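To keep things clear, I will list the structure first and then write my remarks on it.
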Amino acid sequence: MDLLLSPPILFFLLGIIAALVRSDLEIPKPVVRLLSIYLLMSIGTYGGYKLSLGGLDGTALATIGAAMLASFAMPFVTYRVLRLKLNVADSAAVAATFGSISAVTFVTAVAFLDNQEVTYSGYMVAAMALMESPAIVSGVLLARLASSKVQVPSPQAERGESSLWREALFNGAVLVLVGSMLIGVLTGERGWTSIQPLMEEPFKGVLCIFLLDMGLVAARRLKDIRRVGVFLVLFGILAAVVQGLVGVGTAWLLGVNAGDALLLAILFGSASYIAVPAALRLALPEANPSIYVTIALAITFPFNIVLGIPMYYAIINAIGIAA
Amino acid sequence: MDLLLSPPILFFLLGIIAALVRSDLEIPKPVVRLLSIYLLMSIGTYGGYKLSLGGLDGTALATIGAAMLASFAMPFVTYRVLRLKLNVADSAAVAATFGSISAVTFVTAVAFLDNQEVTYSGYMVAAMALMESPAIVSGVLLARLASSKVQVPSPQAERGESSLWREALFNGAVLVLVGSMLIGVLTGERGWTSIQPLMEEPFKGVLCIFLLDMGLVAARRLKDIRRVGVFLVLFGILAAVVQGLVGVGTAWLLGVNAGDALLLAILFGSASYIAVPAALRLALPEANPSIYVTIALAITFPFNIVLGIPMYYAIINAIGIAA
Amino acid sequence: MDLLLSPPILFFLLGIIAALVRSDLEIPKPVVRLLSIYLLMSIGTYGGYKLSLGGLDGTALATIGAAMLASFAMPFVTYRVLRLKLNVADSAAVAATFGSISAVTFVTAVAFLDNQEVTYSGYMVAAMALMESPAIVSGVLLARLASSKVQVPSPQAERGESSLWREALFNGAVLVLVGSMLIGVLTGERGWTSIQPLMEEPFKGVLCIFLLDMGLVAARRLKDIRRVGVFLVLFGILAAVVQGLVGVGTAWLLGVNAGDALLLAILFGSASYIAVPAALRLALPEANPSIYVTIALAITFPFNIVLGIPMYYAIINAIGIAA
Amino acid sequence: MRAVKRIEIIIEKPHIPKVRSMLDSLGITSMTIFESVAGFGDRGDRIGSGVSDAQVMHALLTTCQPDQIDDLSAQLEPLLRRLGGLCLISDATVIRD
Amino acid sequence: MRAVKRIEIIIEKPHIPKVRSMLDSLGITSMTIFESVAGFGDRGDRIGSGVSDAQVMHALLTTCQPDQIDDLSAQLEPLLRRLGGLCLISDATVIRD
Amino acid sequence: MRAVKRIEIIIEKPHIPKVRSMLDSLGITSMTIFESVAGFGDRGDRIGSGVSDAQVMHALLTTCQPDQIDDLSAQLEPLLRRLGGLCLISDATVIRD
Ligand SMILES: Nc1ncnc2c1ncn2[C@@H]1O[C@H](COP(=O)(O)O)[C@@H](O)[C@H]1O
Ligand SMILES: Nc1ncnc2c1ncn2[C@@H]1O[C@H](COP(=O)(O)O)[C@@H](O)[C@H]1O
Ligand SMILES: Nc1ncnc2c1ncn2[C@@H]1O[C@H](COP(=O)(O)O)[C@@H](O)[C@H]1O
Ligand code: NA
Ligand code: NA
Ligand code: NA
């Protein structure tokens, strides 16, 4: 229980409560955007800085490879399940969402590890960055394969093509994350020292403000739940748990430490509501965002933040992965 | 004089000057909103943290009770005075404004105490939070009582009713303040340590930026002063002083220390321009906001910030309340 | 090369790359505005604080005088060159832009000096503040002199007049800078201590976020380069270098230290894209902003940030100005 | 392409829910809201202030069938009289699914 | 003063480039875009969220010659059907250089 | 309900005071301003930039009596020619106190 009593999680709950009592509390969008860029820069430069100290060994490369593979492959499995109830476009979109990752969930897990005084490896940030996009490709592939008879490639569509790749690879969030990490690597100890007073110290405080807003946003989405239905609510939780456990298993096979194992679980088990929706609005406009964004944001995100993180961590400890 | 020479007050004056010379200086609204949420979270979590160390004793409870009572009762007195010149709705609105409190004035008083190296109690934050709403109820009651013959309750009005309560109790500012305080209490020392680099250290610097904007906003309101008239300008200062002195007296009766006494004076003597106007736009749309917001923002707020705080503090010292 | 490897410059390059690959990365405008006000307040209060320790000696006053004179005089020279290709209004506008200064370039040079552990004088901030406006007056004068036969002063124009002066002297950026400096002087050591956790520590981190945006904005302007033409692109670089060297020479004549010499070079060699365009939209609406803003922002600014600063500094070291 | 009435309602942000539930009762649920516009009128300037949203104006754009205008007008007029604000109606053609 | 058609297109931000290149092909290049408006329609609420812009709506205002309306309509309709959004067209007079 | 002219002026932010004082001279003081819209026209893109507001466009919405249009047009035309921007005028009906 004590695990829940950290300020960021409590501010997230405060946001949920504020939305449920229909308070007029609002954190202006431009400001939330800044905070989210800050969190990405913070986690990116810190990861890069740690990489500059250690570098990439075999385990690191294997972990990154496994993460990318999972992002690409998992949607092919979840798509089958989703097709039981949803049409092609929506199934592909939800599958892509769950193949990709939620940076904010990752960031919250980092704060959790920090509270437990458990370390993690810099390359996990690289793993996160490289897991964002493969699932987008899978999602679009799945939709294409299913509707290959009808769809005729047109000049219009080809233009869409190139912008799909742009969205998948050069999405703002991906770019800031990858760029910050490279800058962290390049500038090393000296660079980190100069920006650490902004990039590290206020980190948890900023996370509080950000999660306050996420609580508001997630709970205000709850009224879209009836559009979404019981099947998808269950899917949002079960897919998180199953994929999270696959993450734990992968971590165990790779032999990483407990911190990295938690982060891998969270990457596998979280669902994207930034990079993937941005790409899908262009690549799969037929898919209904009020389905895939709602599950990711109003179901899976709160579940992971509040229950998933401590649960995966308990399992990781139980199966004896060392810190 | 030295009391005035603190950066926050001087930035407030800079804002006033910028507005008077009609500079194009502007601090974007979304950003000001963030800063104001930050100040509330900062003061709330710190107050809660202090409460987690000390708890609530008899004096604390008595102080909070007195504060709530004052917020509810003072409007009934000031309303009489205001009716000499204003109509029912405007009198009720101004009275409610002065019964409630200005969080920014409180925050500035906290910075002032900090400069004087004088401490204050965590429960004063609770007192502030609980003083926001009673005055709103009084204001609406006053308007209802006066116009009871004409007003017929309609379904429309009843809907208004529930949203009035929502505004009064769940106004964003109130919620952030109360929520942050509870989070501070719940997470105690450990929680505070993790967020203190954001919530405490940059506090005075942020206050500078915020007061720069308040100076701009207050001075740009000055041109509405002619709508408001001499009576109300005088009221804006005299009501502040009288209510502030009632606050000093109450503090003396309660036997609190000098820091708490100053904060009580400032809570009694300040006027709300956030929670109360937000509620009154719904509950008393007949009342003219360019009257009650202007007095609170362009008269009482600058008076308290620049003169009120050092004045009340001098009086508190003079009558021998110990730090 | 190591000089380039600082996080702020690398984030600037990241912004350029993001714009070139047409990423959707965006830093919301209100937030950028806040960061730019922050940078001005930071540099202003710190400069003022340093002045409060030292005061203004003969060299200081001579430097400030020389800076103001240069701001006023340089446009008369560059105007001649520009008239070879541009019309009167555009020539006057570009000349004014280059007579004035870029605060962000100054701030980046300050961060550069800090990395080199080289100090600079507080009065350089005063020099910067006072260089903003004289060039605006020159630009307007030049345009007036050239078109004196045609232009008939009208009541309308006179109103424009007073707002020109207001823009030139009370432009938001100028006011924040001058005001912060005065506040720094007035509140001295104690004031600085209270705001230093916000005003100094996160400075370089904030500069990273800000330059990330500047990279985006500068590179997105690049497509306007074809409107601008080769002549102006060359002008944007050569004028920066020549004026920068005049700055180095002036520094040498004045006998200032290496830090001040670099800042003087940067003030002379940088071009304004805030205060001057704001004033010129009112005073010279005929001049085309997509010319003068584009050169200042997309050519001269990146040149100075990436190459100019280390180059001038190498020259300053080479000619033996001591740190 | 279909002829519709283009409706533009400018009103204080806190009153938007009231207007929306009124429109709802007429079956009008699709709309676009331009948030936080600056208002200047008989009741003073409404330029928002960063500290409070209570006085900021929103502009609500929607459409209705030409024959709904009388109902709309009858319901909106008392609201606007009490709360301030303005409604502009004009003729338009709509392209849409 | 010249008679023109006033065109107002409300569409998701990510689709703005598509609409602009379509307008471009009709020779329409001058326009004003009202960014990040809140949309309410058949496909749910689009209120932006701070974390993602993907669903936020933009309102694009432009003008064209009366005789271009048929072309515009023919090109815009399939786009709006596929991507959601709405286009309102009305008569206006323009004052300009 | 009353017939009015709906007037929409799109102009650079720094020129808003000039336009307002011109409108003032015609007795037009009530209006709504949509701040910081993105402009695309003959004089280049005006998308604001965070560092400077000088080039950002505002859209000003107001109304006038039909018979004031000629005056308005006469005064506005030279202004728009010199400063850039555009004014759209259309017919509308107003509901209001
Ligand atoms: N003629 C008008 N044109 C555009 N907006 C108007 C007009 N009249 C009033 N408004 C808007 O309605 C708000 C309230 O008007 P008022 O009740 O007159 O203060 C103003 O702040 C404007 O935003
Ligand atoms: N009748 C309407 N009036 C104004 N805006 C509309 C209307 N219908 C749809 N919209 C806008 O178009 C968006 C997409 O509509 P829809 O495809 O129905 O969800 C909505 O979110 C609104 O922003
Ligand atoms: N036809 C149009 N429709 C909408 N806005 C326009 C139009 N023409 C010009 N504008 C606006 O007026 C501004 C100035 O136009 P220009 O002087 O052509 O650069 C543009 O940036 C747009 O915001
Ligand atoms: Na995942
Ligand atoms: Na009070
Ligand atoms: Na210069």
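Protein chains in written order, with the working numbering: chain Z, 52 to 374; chain X, 52 to 374; chain V, 52 to 374; chain R, 157 to 253; chain D, 157 to 253; chain B, 157 to 253. Cβ atoms here follow ideal geometry from the backbone N, Cα and C, with glycine treated the same way. Everything numeric in this text was worked out from a predicted model, so none of it was measured.
By DSSP, does residue 80(Z) sit in helix, in strand, or in coil?
helix
Residue 201(R) by DSSP, collapsed to three states: which one?
If DSSP states are grouped into helix, strand and coil, residue 201(R) belongs with the strands.
Taking buried to mean at least 16 other C-beta atoms within 10 Å of its own C-beta, is residue 346(Z) buried or exposed?
buried
Could you have a look at residue 217(R) and say whether DSSP puts it in helix, strand or coil?
strand
Would the C-beta of residue 352(Z) count as close to ligand 4, meaning under 8 Å from any of its heavy atoms?
no
Integer-rounded CB distance, given that residue 105(Z) should sit under 8 Å from residue 173(Z)
6 Å
Note down the Cα distance separating residue 313(Z) from residue 120(Z), rounded to an integer number of angstroms.
18 Å
Report yes if the CB atom of residue 60(V) is closer than 9 Å to the CB atom of residue 92(Z), and no otherwise.
no
According to DSSP, simplified to helix, strand and coil, what is residue 187(B)?
strand
Contact set for residue 157(D): own chain, Cβ-Cβ below 8 Å, skip 5 residues either direction
249, 250, 251
Name the chain V residues whose beta carbon is nearer than 7 Å to that of residue 249(Z)?
253, 256, 257
Look up residue 193(B) in the DSSP assignment and give the residues it is bridged to.
213(B)
Cα separation between residue 375(V) and residue 351(X)?
The structure shown has nothing for residue 375(V), since chain V only spans 52 to 374.
Using a cut-off of 7 Å between C-beta atoms, extract the partners of residue 81(X) located in chain V.
81
With a CB to CB cut of under 7 Å and the five nearest residues on each side skipped, what residues in its chain are close to residue 147(Z)?
126, 186, 187, 189, 190, 327, 331
Contacting residues, own chain, Cβ-Cβ under 8 Å from residue 278(Z) (five flanking each side not counted)
341, 342, 345
Straight-line Cα distance separating residue 189(B) from residue 173(B)
Here the C-alpha atom of residue 173(B) lies approximately 12 Å from the C-alpha atom of residue 189(B).
Neighbourhood of residue 239(R) by C-beta distance below 7 Å, restricted to the same chain and skipping five residues each side:
Result list for residue 239(R): 167, 168, 171, in chain order.
Quick one: is residue 329(Z) near chain D, going by C-beta distance under 9 Å?
yes
Enumerate in chain order the residues of its own chain whose CB-to-CB distance from residue 207(X) is below 6 Å, with the five nearest sequence positions on each side excluded.
For residue 207(X), the predicted model reports a pLDDT of 47, less than 50, meaning its position is unreliable and no value from the coordinates is stated.
If I measure Cβ to Cβ from residue 310(Z) and keep anything under 6 Å in the same chain, skipping five residues before and after, which residues do I get?
164, 169, 170, 171
Report the neighbours of residue 241(D) on chain Z: residues whose CB is nearer than 9 Å to its CB, in chain order.
What residue 241(D) touches in chain Z: nothing, since even the nearest Cβ is about 11 Å away.
Go ahead and pull the three-state DSSP assignment for residue 249(R).
strand
Alpha carbon to alpha carbon, how far is residue 108(X) from residue 199(R)?
48 Å
Would a C-beta distance cut-off of 9 Å place residue 193(V) and residue 153(V) closer than the cut-off?
For residue 193(V) and residue 153(V), no; Cβs fall outside 9 Å.
Between the CA atoms of residue 183(R) and residue 204(X) - distance to the nearest angstrom
Confidence at residue 204(X) is low in this model, with a pLDDT of 43, below 50, so its placement is unreliable and no value can be given for it.
Please confirm whether residue 215(V) and residue 333(V) have their CB atoms less than 9 Å apart.
Contact: yes.
Going straight from the alpha carbon of residue 316(Z) to that of residue 100(X), what length do you get?
33 Å
Would residue 198(X) be called buried (16 or more neighbouring beta carbons within 10 Å of its own) or exposed?
exposed
Can you give me the Cβ contacts of residue 325(X) inside the same chain, cut-off strictly under 6 Å, excluding the 5 residues immediately before and after it?
Excluding positions up to five away in sequence, the list reads 224.
Please state whether DSSP places residue 307(V) in a helix, a strand or coil.
Coil at residue 307(V), not helix or strand.
Count the other CB atoms, across all protein chains shown, that sit within 10 Å of the CB of residue 282(V); report buried if there are 16 or more and exposed otherwise.
exposed
Against chain B, with Cβ distances strictly below 9 Å, would residue 194(D) count as a contact?
no
Are residue 87(X) and residue 323(X) touching if we call contact CB-CB under 9 Å?
no
Please name the residue, chosen from 96(Z), 85(Z), 67(Z), that lies closest to residue 243(Z) on a Cα-to-Cα basis.
Nearest to residue 243(Z) by C-alpha distance, out of 96(Z), 85(Z), 67(Z), is 96(Z).
Hey, is residue 209(V)'s beta-carbon within less than 9 Å of any beta-carbon in chain X?
Confidence is the limiting factor: at residue 209(V) the pLDDT is only 45, short of 50, which leaves the residue's position unreliable, though a coordinate-based value still follows. No, because no Cβ of chain X sits closer than 9 Å to the Cβ of residue 209(V).
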